[in-house]
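*Asks:*
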Amino acid sequence: MVDLILAGSSSIMLAVNVARRMGLNAIIPVVRKFPDGEIYVRITKA
6 MVDLILAGSS SIMLAVNVAR RMGLNAIIPV VRKFPDGEIY VRITKA
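Quick note: the sequence shown uses this note's numbering, first residue 6, plus one each step.
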């Protein structure tokens with residue numbers, strides 16, 4: 006499993022595009038929040 010985390014970005018499309026440029030094709034984007042409320046997008050390779 007490969008994880009990619011983009012902190013400070015609530016843009017799922019940005020995270021998906023970065024993951025695809027890194028060669029990850031089958032991906033699952035999940036938007037979460039840090040305890041301080043900052044949003045991040047976590048990409049997990051399926």
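Glycine included, every Cβ here is placed at the ideal spot set by N, Cα and C.
All values derive from a computational prediction rather than experimental measurement.
1. Drop a sphere of 10 angstroms on the beta-carbon of I48, count the other beta-carbons inside from all chains shown, and report buried for 16 or more, exposed for fewer.
2. Go to L19, then tell me how far its alpha helix (DSSP H) extends in each direction, as first and last residue.
3. Where R26 and I33 are concerned, what is the direct C-alpha to C-alpha distance, given to the nearest angstrom?
4. Could you tell me the distance, in whole angstroms, from the CA atom of I44 to the CA atom of V35?
*Replies:* Let me spell this out:
1. Looking up residue 48 in the sequence shown gives position 43. A buried status is given to I48, since no fewer than 16 other beta-carbon atoms sit within 10 Å of its beta-carbon.
2. Taking the first residue of the sequence shown as 1, we reach residue 19 at position 14. Note, L19: alpha helix (DSSP H), 17 to 26.
3. As a position in the sequence shown, residue 26 is number 21, starting the count at 1. As a position in the sequence shown, residue 33 is number 28, starting the count at 1. Their Cα atoms are separated by approximately 15 Å.
4. Numbered from its first residue, the sequence shown carries residue 44 at position 39. Numbered from its first residue, the sequence shown carries residue 35 at position 30. C-alpha separation (whole angstroms): 11 Å.
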